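Novice: Pasting a structure here, questions to come.
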Amino acid sequence: MSKTPPNRRGITFEVGAQLEARDSLKNWYAANIEKIDYEDEKVLIHYRHWSHRYDEWFDWTSPYLRPVERIQLRRQGLNDDLRLHTCLTSMTTSPLFIAVIV
388 MSKTPPNRRG ITFEVGAQLE ARDSLKNWYA ANIEKIDYED EKVLIHYRHW
438 SHRYDEWFDW TSPYLRPVER IQLRRQGLND DLRLHTCLTS MTTSPLFIAV
488 IV
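With my numbering, the residue at position 98 of the sequence shown is 485, and numbering never jumps.
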């Protein structure tokens, strides 16, 4: 009998799903689900931009799996004219064209 993965907010348990996983050195990395073992309740995680030899099996309830962090930008209190002026000033005064992105 096949088991069903738990409902975890922000994580979709399907092959190819994106999430973050913590490695043995306690660093979090962007990862994808490569395989799902429904009998043992595990997922094979591939750390993006790393060799497949570093892929790891995790219990699907593991605290070392989390949803991808999403950066939310707030427009409250931002002045569009100030942002544009800062960007244009940086482009004309710096040979590296450094810009302030808000």
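Each residue gets a CB set at the ideal place from its N, CA and C atoms; glycine is no exception. Just so we're clear, the structure is a prediction, and the values are computed from it rather than from any experiment.
Residue range of the beta strand (DSSP E) that residue 409 falls in?
Specialist: Here the beta strand (DSSP E) through residue 409 covers 405-409.
Novice: Where are the alpha helix (DSSP H) runs, 4 residues long or more, that stay fully inside the stretch 411-437, in chain order?
Specialist: Those alpha helix (DSSP H) runs which fall completely within the stretch 411-437 and span 4+ residues do not exist here.
Novice: Any idea what DSSP makes of residue 396, helix, strand or coil?
Specialist: Reduced to three states, the DSSP call for residue 396 is coil.
Novice: For residue 428, I'd like the list of residues in its chain whose CB is within less than 7 Å of its CB, leaving aside the five on either flank, ordered along the chain.
Specialist: Excluding sequence neighbours, residue 428 sits near 390, 446, 447.
Novice: Just how far apart, CA to CA, sit residue 415 and residue 394?
Specialist: Between residue 415 and residue 394, the C-alpha separation is close to 21 Å.
Novice: With which residues is residue 443 paired in a DSSP beta bridge?
Specialist: Looking at the DSSP assignment, residue 443 forms a beta bridge with 432.
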